[in-house]
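Asker: Residue numbers (my numbering), protein chains in the order written: chain A, 17 to 407; chain S, 9 to 148.
Every residue gets a Cβ at the ideal spot worked out from N, C-alpha and C, and that includes glycine.
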Amino acid sequence: MSETYVPFVLAVLVLVASLISLRLALSVAIVEIALGVLAGNVFHIESTAWIDFLAGFGGVLLTFLAGVEVEPRLLRAKLKESLLIGGFSFLVPFAAALLYCYFVAGWDLKAAEIAGAALSTTSLAVVYAVLVETGLTETETGKLIMAACFVTDLGTVVALSVMFAKVNWWTLVFYAVSVVVIVSGPRVFRWFAARYGGRVIEPDIKLVFATLFGFMLLGNLGNSHAVLPVFVLGAVLARSFASHRDLQRKLRVIAFGTVTPFFFLKGGMNVSVAALVSSLGLVGVLFVVKVGAKMIGVYPWARRYLRGRATYTTLLMSTGLTFGTISALYGLQAGYVDKTQFTVLVTVVIATAVIPTIIAQRFFQPPLPGPAAKPTESSSQAPSGSVESEE
Amino acid sequence: MFKKILVANDGSEHARKALVKGVELASCFGAELHMICVEEHLPHYAATIGEVLEEKEEEDSYFGQIVKEATELAQAHGVSLHSLVTPGHEVETTIRYAEQEGVDLLVIGFMGHSRVLGRIMGGSAANLTRLAPCSVLVVK
């Protein structure tokens, strides 16, 4: 088979995925995973070194972008509530999935830990899209839910970081350098962007990429993983990126246009349809374990701090996608989970992106604040304001 | 005869015809004219917030232009336009708005952007006509 066959097929799939995504208003990530399943199971395309490399960097880039999307202001404003809701949103599903996979499903400890990480996540992006649609992004409810999502994300990356760590001297170097880069990052980035930014050759984006590759290198040398410092670096640079909207957009264009498609395609290519069919029961059980654990972990706190929106909040906090896929793929790459376990985890992750969202929007959606408000004459109006209704 | 008219506008050619008809009717009956533009292409189950934000900004820009043109058209006919741009499902959001505002005539285009899916699944016009709480004028 020609060595240009695989790049050609994948390029066509990436193109088709973006067209389907636009046509169906569906996340390109889910479409890319679905087409990856097609590539792996129908076209029998197997991952190559360059796909592995791009997918690995795609995961790191997605983690960085997730960090950049953190709003520290939101976290500070809702610290106690978000720590409780987000913290338990991570801890209870992590423990429940880990214990179920280890004691009941018979997975080994490392695989069970990966299951815990993959199924503890909350998809900030899925939640954000729902909040935008319901006009809740600027309300107290929306802000608290997003702040709680940041905390859950942080819990997941910390867990992944601990799981992958096999401490040696390089690990200490890795974390020491990480601290220095994270602490000095905002100041250096502001200076660099002011001095070299806004040029067509994009030195500031190259600085970001060089830093991420540096983290990956040191993470490898330190038998660890770059996920935690990359996420935290993104979070501390969030304000700088917010004031450089054009740069943020270019970074997204590069990420979604050239790098992250290979991450999601690779995720799909590693899904085995045969394994999925034979493990459908486990998929169903793990779905129930995740959503049930989110109910136990999130609902009581949501009931206290988001009265009237507790079930809605709990369902939104049950969604997962990017970090769930990242966790599962990291586990596969490290050999902690096999292909069948990976298939099960990714399927559950995608199911949690879709099913809780549909249930929340169909049965627990709060009244739309936008159309309820009187529109101003001859003006476009985004929905705003909070309507705190009882369920 | 009609006191409050709502035009659903997705920016398509048929929606534009519906807007023209809505403006003429509002002018003729001295009715209050409303227009709703539903941003229905925001990606569901997105991987990053950026994916949603980028699409939202594009839709805001697209519908901003449509609102501007519609306002000018209405003003040319001596009608003041109350417009709303909001994310959501086209049919559900329009119906909800019509109910909440007590609209007594909904004016829609025969066919929006989703031609292929519309033919298979019945289309937004058919669903709006079926579910609307008021009279519906479908403009061809």
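Does the separation of the CB atoms of S/A55 and A/A141 fall below 8 Å?
Answerer: yes
Asker: Please classify S/M119: does DSSP put it in a helix, a strand, or coil?
Answerer: coil
Asker: Which bits of chain S does A/R268 rub up against, with CB to CB less than 9 Å?
Answerer: What A/R268 touches in chain S: T56, G58, E59, L61 and E62.
Asker: I want to see whether chain S comes within less than 8 Å of A/E218, judged by CB atoms only; does it?
Answerer: No, A/E218 does not count as interfacial toward chain S.
Asker: What residues are listed by DSSP as bridge partners for S/S143?
Answerer: S/L113
Asker: CA-CA distance, S/I57 and A/I375?
Answerer: 21 Å
Asker: Could you confirm whether any beta carbon from chain A is found closer than 8 Å to the beta carbon of S/H85?
Answerer: no
Asker: At the 8 Å Cβ level, is A/Y144 part of the contact set with chain S, yes or no?
Answerer: yes
Asker: Contact defined as beta carbons within less than 8 Å: I believe A/F190 pairs with A/G250. What is the distance between those atoms, to the nearest angstrom?
Answerer: Their Cβ separation, rounded to whole angstroms, is 17 Å, which puts A/F190 and A/G250 out of contact at 8 Å.
Asker: Could you check the C-alpha separation between A/L77 and A/L147 for me, to the nearest Å?
Answerer: Approximately 24 Å between the Cα atoms of the pair.
Asker: For the pair the stretch 103-114 of chain A and the stretch 306-319 of chain A, tell me if three or more CB-CB distances fall below 8 Å.
Answerer: Taking a contact to require three or more Cβ pairs closer than 8 Å, the stretch 103-114 of chain A and the stretch 306-319 of chain A qualify as touching.
Asker: Mapping the DSSP letters down to three states, classify S/S91 as helix, strand or coil.
Answerer: S/S91 sits in a strand when the DSSP states are folded into three classes.
Asker: Quick check: the Cα distance between A/L337 and A/V364, rounded to an integer number of angstroms?
Answerer: 9 Å
Asker: Tell me which residue opens and which closes the alpha helix (DSSP H) that A/I312 is part of.
Answerer: First-last of the alpha helix (DSSP H) with A/I312: L296 to Y321.
Asker: Let's test the definition: count the other Cβ atoms within 10 Å of the Cβ of A/F69 and tell me whether it reaches 16, buried, or not, exposed.
Answerer: exposed
Asker: Rounded to a whole number of angstroms, what is the C-alpha to C-alpha distance between S/N17 and S/L136?
Answerer: 13 Å
Asker: Give a yes or no on contact between the stretch 137-147 of chain S and the stretch 100-115 of chain S, applying the rule of three or more CB pairs nearer than 8 Å.
Answerer: When Cβ pairs closer than 8 Å are counted between the two stretches, the stretch 137-147 of chain S is seen to touch the stretch 100-115 of chain S, the count reaching three or more.
Asker: Could you check if S/Q83 is buried or exposed, using at least 16 other CB atoms within 10 Å of its CB as the buried criterion?
Answerer: exposed
Asker: Classify A/I46 as helix, strand or coil using the three-state DSSP reduction.
Answerer: When DSSP states are grouped into helix, strand and coil, A/I46 belongs to the helix group.
Asker: To which residues does DSSP link A/K282 through a beta bridge?
Answerer: Residue pairing by DSSP places A/K282 in no beta bridge whatsoever.
Asker: Per DSSP, what kind of secondary structure is S/H22 in: helix, strand or coil?
Answerer: Looking at S/H22 - three-state DSSP - the assignment turns out to be helix.
Asker: What is the rounded straight-line gap between the Cα of A/A175 and the Cα of A/G347?
Answerer: 12 Å
Asker: Measure the beta-carbon distance from A/F231 to A/V246 and round it to whole angstroms, keeping in mind my assumption that it falls under 8 Å.
Answerer: 5 Å
Asker: Between the Cα of A/I198 and those of A/A71, A/A209 and A/T227, spot the shortest distance and give me the residue it belongs to.
Answerer: When each option's Cα is compared against that of A/I198, the closest is A/T227.
Asker: Does the stretch 25-42 of chain A come close enough to the stretch 54-69 of chain A that 3 or more CB-CB pairs lie under 8 Å?
Answerer: Yes: the two stretches touch, three or more of their Cβ pairs being nearer than 8 Å.
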